[in-house]
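Take the position in the sequence shown, starting the count at 1, then add 1; the result is the number in the working numbering.
The C-beta atom is built at its ideal place from N, Cα and C for all residues, glycine as well.
Read through the structure below, which is laid out as structure tokens, and then see the notes.
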Amino acid sequence: FTSPQVVINLGMLMKEVELRGSPSLAMILVNSFQLLYVADALWNEEAVLSTMDIVHDGFGFMLVFGDLAWVPFTYSLQAAFLVGHPQALTFLKAAAIVALNGMGYYIFRKSNSQKNQFRRDPTHPSVAGLETIATAMGKRLLVSGWWGFVRHPNYLGDLLMALAWSLPCGFSHILPYFYIVYFTVLLIHREARDERQCRAKYGQAWDTYCRRVPYRIFPYIY
2 FTSPQVVINL GMLMKEVELR GSPSLAMILV NSFQLLYVAD ALWNEEAVLS
52 TMDIVHDGFG FMLVFGDLAW VPFTYSLQAA FLVGHPQALT FLKAAAIVAL
102 NGMGYYIFRK SNSQKNQFRR DPTHPSVAGL ETIATAMGKR LLVSGWWGFV
152 RHPNYLGDLL MALAWSLPCG FSHILPYFYI VYFTVLLIHR EARDERQCRA
202 KYGQAWDTYC RRVPYRIFPY IY
């Protein structure tokens, strides 16, 4: 997510104000959820340097087109949809959606922070007591904490948030759910790439980790 995404979303919110006098609760939720996601990415910007996009893919068409065109204009579909298709949310529904986004964000942030802290300083009190597996490279793999829950808990949190961003739009049209469908396919494909790279890098240690943590993203499902 990038700053153009925030600008487009806010533009949609202002258009709704122009048309109806005030922003709807659904529009406020969508804007708030995505603004939190962008703010989190900026606050934890140093962690981006260890992601697959930077480490393995590098700078090229995918990042340029994705960040400047694909992300801003397709990930704002929920806000754009709400301008033309206003949705009435009850307090109970809104509270449930907020809880889902909060749970997703908690899993996403806690798991990423745990991994990044372990990379920076494995002796830090917050991660020193976690169980690990030694690798032939001299590094250690986390096998407890969030990374003993599923192999990619950050992806799980990401997907829960993605669902929460779509739910304020109701179920009258598939368009607002493009993001969650696309993102699910993207992360499953990305997870498969992660698996291949980690198996090639860590060998037997990775196989041991997979036996200890059998589920990849969704507990008891996948």
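Annotated three-state conformation of Thr91 is coil, per DSSP.
Leu30 counts as buried, since at least 16 other C-beta atoms from the protein chains shown sit within 10 angstroms of its C-beta. Here the alpha carbon of Pro73 sits roughly 25 Å from the alpha carbon of Ala89.
Boundaries for Thr133: no alpha helix (DSSP H) harbours it, while the beta strand (DSSP E) harbouring it runs 133-135, taken from the DSSP string. Two segments are said to touch when three or more pairs of C-beta atoms, one from each, lie closer than 8 Å; by this definition the stretch 80-88 does not touch the stretch 127-139.
Comparing alpha-carbon positions, the option among Ala129, Tyr76, Ala96, Gly171 lying closest to Ile9 turns out to be Tyr76. DSSP places Leu142 inside the beta strand (DSSP E), whose first and last residues are 141-143. The residues Ala48, in chain order, have a CB closer than 6 Å to that of Asn117 in the same chain once the five nearest residues on each side in sequence are set aside.
Note that the C-beta distance between Asp41 and Arg120 is not below 8 Å. When C-beta atoms of the stretch 23-37 are compared with those of the stretch 97-108, three or more pairs fall below 8 Å, so the two segments count as touching.
DSSP places Trp166 inside the alpha helix (DSSP H), whose first and last residues are 154-167. Distance from Leu142 to Ala206 at the Cβ level is roughly 6 Å; contact confirmed, criterion being Cβ atoms closer than 8 Å. With distances taken between CA atoms, Ser114 lies nearest to Trp147 out of Pro87, Trp147, Thr124. Per DSSP, reduced to three states, the secondary structure at Tyr180 is helical.
Assignment of Asn45 by DSSP, reduced to helix, strand and coil, places it in the coil class. Looking only at Arg152, Pro87, Val144, Glu19, the smallest Cα-Cα distance to Pro169 is reached by Pro87.
In the three-state reduction of the DSSP assignment, His174 falls in the coil class. Nearest in C-alpha terms to Val182, of all of Phe150, Cys199, Met162, Asn155, is Met162.
By the neighbour-count definition (other C-beta atoms within 10 Å, threshold 16), Ala165 is a buried residue. The straight-line gap separating the alpha-carbon atoms of Phe62 and Leu93 is approximately 43 Å.
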